[in-house]
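In the working numbering, the protein residues as written are 1 to 247.
Think of the CB as a built atom: it goes at the ideal place given N, C-alpha and C, for glycine as much as any other residue.
In what follows, a structure is listed as structure tokens, so that the remarks can point back to it.
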Amino acid sequence: MTPPTPATLRDWLLHRLPDAARAALEERLLREDALVAQLREAETDLIDDHAAGRLDAATQADVARHLIADRDGHWRWQVARALAVKRAARRVAEAGEPRRRWVAARPRLAAIGALAAVLVLAVLLVRPPLPSRPPADAATLPTVSLRVAATRGTASALTLPPNTGWLRLQVEAIDPQPRRYAVSISDGATVRFHAGGLTLRRAGPYAFVEVVIPAAAAGPGHRTVRLLPEGAPTAAATAWELDTTVP
1 MTPPTPATLR DWLLHRLPDA ARAALEERLL REDALVAQLR EAETDLIDDH
51 AAGRLDAATQ ADVARHLIAD RDGHWRWQVA RALAVKRAAR RVAEAGEPRR
101 RWVAARPRLA AIGALAAVLV LAVLLVRPPL PSRPPADAAT LPTVSLRVAA
151 TRGTASALTL PPNTGWLRLQ VEAIDPQPRR YAVSISDGAT VRFHAGGLTL
201 RRAGPYAFVE VVIPAAAAGP GHRTVRLLPE GAPTAAATAW ELDTTVP
């Protein structure tokens, strides 16, 4: 299958793809781990370009709206901006000015470089804290269960249970077969969580896939949760549209 172009990945990240193309790409994201990595690289490139001022006004606004508005995205932008300032100072230093001007400017350039280095360090030190590792016993975690009946109609409201940074997500399989499944959670701009190779579980008539997820991946905000059988190219993903809130 032909890989999507960098422009296609960027358009998906910026909410610019037509609905049919968007759905097709999201189906592939569930099946192809390498494509998820490519999408992450495209996201990083967009943030870097925004921080360096290399984007047109419309794209700059879309990146601000969809990629760097949340806490993690803003932290990544701060790092990119600090590095861009440092690179700019280096380019000036290497521009080959006449020696007299260079000698006069050297203290100022050194100060700029030092300031950029301090800024990079400061940004790294204030990175948002990552959640602790999930407990070894997933049964102790609060659970969110998604049933097939909830996939129809408009987005469902869901209040996430109180948690310490992790949740146990159970997703019902619409056509349970002895195969492996993949689960993804996205907010329309970013794949917040993806896991593959998940086995089917049963509790009476209820067949489901279970996975431990970071609570931040589930919200708050609009989320799309998708379940896809692996190794079944013609199988369609089951999707849940959720508007999540925290208690």
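In the DSSP assignment, Ala182 falls within the beta strand (DSSP E) that extends over 180-186. Only residues of its own chain outside the window of five on either side were considered, and among them Leu14, His15, Arg16 have a CB closer than 8 Å to the CB of Asp62, listed in chain order.
For Pro6, the enclosing alpha helix (DSSP H) starts and ends at 6-13. Closest in C-alpha terms to Ala149, from the list Asp175, Pro161, Ala7, Ala136, comes Asp175.
Apart from sequence neighbours up to five positions away, no residue of its chain approaches Pro205 with a beta-carbon distance below 6 Å. Below 8 Å, too few C-beta pairs join the region 209-226 and the region 77-91 to call them touching: fewer than three. Sixteen is the threshold: since fewer than 16 other Cβ atoms of the shown chains lie within 10 Å of the Cβ of Glu41, the residue is exposed. Assignment of beta-bridge partners to Asp175 by DSSP yields no partner.
Between Asp70 and Leu158, the gap from beta carbon to beta carbon reaches 8 Å or more. Beyond the five residues adjoining it in sequence on each side, Gly73 comes within less than 6 Å, by CB distance, of Leu67 in the same chain, given in chain order. Within the DSSP bridge table, the entry for Glu241 names Thr224 as partners. Taking all protein chains in view, the Cβ of Ser184 is crowded by 16 or more other Cβ atoms within 10 Å, so the residue is classified as buried.
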